[in-house]
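Some notes on the structure that comes next.
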């Protein structure tokens, strides 16, 4: 089945630094990738949708200059949290989808970010 | 009002029980319905999916969609401790649009 690899699985960084999270589709071409944020015991909150070669579409209230998304190839998307602060600490999850498949949303294993 | 409503639980049942998980929604454009299982600190994994109204069965799991009532269900028969997880319903209009998730129901199956 479709596999999405997300790295790192956890990261601790200092306030003010930037952190990059990678999301790779291993055995399919992901025309669309989604980035979510999840707080403890809460559902997934969609942050942005990215299509290969295009600028990401951010959900209302998500700062695009803070959460930089790059989807330069059909198998790789990255989320960079810039100038991280403790309130950015959360669980970030990516999802990748091949074109033409209405069910094929495959999720990565998530990245737990802790900003100290 | 949220587009998708789901009781967050927690729901605790004894091993072997039949579990019923439900979601209601308000957007009549939703055509594709999915159930995801998420273990703690892991990404969601697709469990069941259905299109429009109807039932679908896969092993111990049955998914039901009633579009007239805007209500979907997931039934788990002979529940096992390994079923303990958070179950998220998700839906979309199709065409590659984003998924809209419920809040998730935390399930615990006890020995």
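Protein chains in written order, with our numbering: chain A, 1292 to 1407; chain B, 47 to 157. The beta-carbon is built from N, C-alpha and C at its ideal position, and this holds for glycine as well. None of the values given here were measured: they were computed from a predicted structure.
- Residue 1307 of chain A has a beta carbon lying at 7 angstroms or more from every beta carbon in chain B.
- The beta carbons of residue 1394 of chain A and residue 1386 of chain A sit no closer together than 7 angstroms.
- Put simply, the CB of residue 76 of chain B is far from chain A, with every gap to its CB atoms at 7 angstroms or more.
- Here the C-alpha atom of residue 55 of chain B lies approximately 15 angstroms from the C-alpha atom of residue 121 of chain B.
- Interface residue (Cβ-Cβ distance to chain B less than 7 angstroms): residue 1384 of chain A is classified as such.
- Residue 128 of chain B sits in a helix when the DSSP states are folded into three classes.
- For residue 147 of chain B, the residues of chain A that pass the 7 angstroms Cβ criterion are 1334, 1335, in the order they occur in the chain.
- Between residue 90 of chain B and chain A, the shortest Cβ-Cβ separation is below 7 angstroms.
- As computed with DSSP, residue 100 of chain B is found in a beta bridge with B:111.
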